[in-house]
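>
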Amino acid sequence: MINFLQMGGWKMDWVAGMQKAIDYIEEHITDKLDYEQIAAQTFISSYHFQRAFSIMCGFTLGEYIRKRRLTLAGNELLAGKKVVDVAIKYGYDSPDSFAKAFARFHGVAPSSVRRSKVQLKSFSRLSIKIILEGGCIMNYRIEQKPILSLVGYKARFKGDAGERFEQEKDFWVNTRKEQDIIAALRDTDENIWYDINVNFSDDGYDHYIAVTSDKEPPQGFYKIEIPAATYVVCETEKAKYPTLLHCDLRKKIVSEWLPSSGYQLANSPEIAVTHWYKKPNDSQRFIEIWLPIEKK
């Protein structure tokens, strides 16, 4: 369920459009879904819809469709439908490809559903719940950022949203050596880190950890250049571990600020800038969220 909170007034057509898109998916869940047609329900482009959907929901549009199909497929197998018929109905090219996807999601083979007592997973249909609350204040600024030169390293995160979150967390913990290497290349004394996600697809994305630097990176590291862009910049509250605050703030920007701002998400990397102070100032850590935007 997605909650839209009142913040100076969101636009009702945005909320209605999101619900219409979700309804369209459910009505055509057994068809070959076209992302352009889904986004057309909200009157924004496919690119902008997918970005907003992912930030607000915590999973991609493709993940939502796949998990809803596998949930419904499980219900049909429990009702006695044949595996091959269910596979075809929900868009799989072969029973084998369906069986692999089904087992990854439910943890059991589709052929075993009727033969034994198994527990299947359920991924519920999304609905939008509107909550009217007292106006809340969100501090933000719109900034024109010049070209940003970085040096960093990367990994490809795959799987569903929960798996990718764990991979991202482990990536930070298990790459201390790499962090020391790029920290030595940093062109500032401040302990500031840049997290960048790019090359999104339904199965994952590339995640970079980087620092500002004009130096040439050593082998196995990357020189990253972010084009000049306009960003809405928001800061989390200060905390020893501000990562969870970062996730909540991203959702608030897209669901509360963006619809009535006159802007839309731009086709440029989103950046999280972590100000990672050490003791005794570790309680003052915070994350800046840079969401690229453009005028509608």
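For the sequence shown, the UniProt record's numbering begins at 1 and goes up steadily by one.
Just so you know, even glycine gets a beta-carbon here, dropped at the ideal spot from N, CA and C.
As the structure is a computational prediction, the values presented were derived from the model and not from experiment.
Between the alpha carbons of E256 and Y140, how many angstroms are there, rounded?
Within the sequence shown, the letter at position 256 stands for residue 256. Within the sequence shown, the letter at position 140 stands for residue 140. Rounded to the nearest angstrom, the two C-alpha atoms are 12 Å apart.
> Enumerate, from N- to C-terminal direction, the unbroken alpha helix (DSSP H) stretches of 4 or more residues contained entirely within the stretch 114-176.
List check, alpha helix (DSSP H) in window: 161-173.
> Measuring straight from C-alpha to C-alpha, what distance separates I147 and S54?
Counting from 1 along the sequence shown, the entry for residue 147 is found at position 147. Counting from 1 along the sequence shown, the entry for residue 54 is found at position 54. Each residue's Cα considered, the two are about 26 Å apart.
> In three-state DSSP terms, what is V108?
The count along the sequence shown starts at 1 and reaches residue 108 at position 108. Coil, per DSSP.
> From the DSSP secondary-structure annotation, give me the bridge partner or partners of Y263.
Looking up residue 263 in the sequence shown gives position 263. Beta-bridge pairing links Y263 to K295.
> Is it buried or exposed for F105, if we count other Cβ within 10 angstroms and need 16 for buried?
Taking the sequence shown and counting its residues from 1, one reaches residue 105 at position 105. Buried.
> Measure the Cβ-Cβ separation of P227 and I182 and say whether it is below 9 Å.
Along the sequence shown, read from residue 1 onward, the residue named residue 227 stands at position 227. Along the sequence shown, read from residue 1 onward, the residue named residue 182 stands at position 182. Result no, Cβ atoms of P227 and I182 do not sit closer than 9 Å.
> Does DSSP put G204 in a helix, a strand or coil?
As a working note, residue 204 is residue 204 in the sequence shown. Three-state DSSP puts G204 in a strand.
> Whole angstroms is fine: what's the gap from G8's alpha carbon to M18's?
Your numbering for residue 8 matches position 8 in the sequence shown. Your numbering for residue 18 matches position 18 in the sequence shown. With a pLDDT of only 37 at G8, under 50, the local geometry of the prediction cannot be trusted, and the value read off the model is given with reservation. One C-alpha to the other measures close to 19 Å.
> Would you identify the three-state DSSP class for F43, choosing helix, strand or coil?
For the purposes of this step, residue 43 is identified with residue 43 of the sequence shown, where counting begins at 1. Residue state, collapsed to three classes: coil.
> Along the chain, where does the beta strand (DSSP E) that runs through A272 open and close?
Position 272 of the sequence shown, counted from the start, is the residue given in the question as residue 272. Here the beta strand (DSSP E) through A272 covers 270-275.
> Got a sec? Which residues, its chain only, sit under 8 Å from S112 by beta carbon, not counting five neighbours each side?
Locating residue 112 in the sequence shown gives position 112, counting from the first residue. For S112, where only same-chain residues beyond five positions count, the Cβ hits under 8 Å are V118.
> May I have the straight-line CA-CA distance separating V198 from D214, to the nearest angstrom?
Working through the sequence shown from its first residue, we reach residue 198 at position 198. Working through the sequence shown from its first residue, we reach residue 214 at position 214. Each residue's alpha carbon lies about 21 Å from the other.
> From the DSSP output, read off the bridge partner residues of D195.
Here the question's residue 195 lines up with position 195 in the sequence shown. For D195, which the question treats as bridged, DSSP gives the partners I209, A272.
> Quick one: residues in its chain with C-beta nearer than 6 Å to the C-beta of A87, no 5 flanking neighbours on either side, listed in chain order?
Walking along the sequence shown from the start, residue 87 turns up at place 87. So the list reads P95, F98, once near-sequence residues are dropped.
> Between which two residues does the beta strand (DSSP E) harbouring A229 extend?
Walking along the sequence shown from the start, residue 229 turns up at place 229. Element bounds for A229: 229-235.
> What number of angstroms, rounded off, separates the C-alpha of K20 from the C-alpha of A109?
Taking the first residue of the sequence shown as position 1, residue 20 is located at position 20. Taking the first residue of the sequence shown as position 1, residue 109 is located at position 109. One C-alpha to the other measures close to 34 Å.
> Given K67, which residues of its chain have a CB within under 6 Å of its CB, disregarding the five upstream and five downstream residues?
The residue you call residue 67 lines up with position 67 of the sequence shown. The residues are F123.
> From what residue to what residue does the beta strand (DSSP E) around E225 run?
Residue numbering aside, residue 225 sits at position 225 when the sequence shown is read from its first letter. 222-226 is the span of the beta strand (DSSP E), which, as asked, contains E225.
> Report the rounded CA-to-CA distance for D160 versus Y64, giving the unit in angstroms.
Counted from its first residue, the sequence shown places residue 160 at position 160. Counted from its first residue, the sequence shown places residue 64 at position 64. The straight-line gap from Cα to Cα measures roughly 10 Å.
> If you draw a straight line from the alpha carbon of E133 to that of V15, how long is it in whole angstroms?
Stepping through the sequence shown from its first residue, residue 133 is reached at position 133. Stepping through the sequence shown from its first residue, residue 15 is reached at position 15. Only weak support is given to the placement of E133: the predicted model assigns it a pLDDT of 47, under 50, and the value that follows is read from those uncertain coordinates. If I take the Cα positions, the gap works out to 16 Å.
> If I'm right that N191 touches K278 with Cβ under 8 Å, what's the distance once you round it to whole angstroms?
Here the question's residue 191 lines up with position 191 in the sequence shown. Here the question's residue 278 lines up with position 278 in the sequence shown. Sure, about 7 Å apart at Cβ, within 8 Å.
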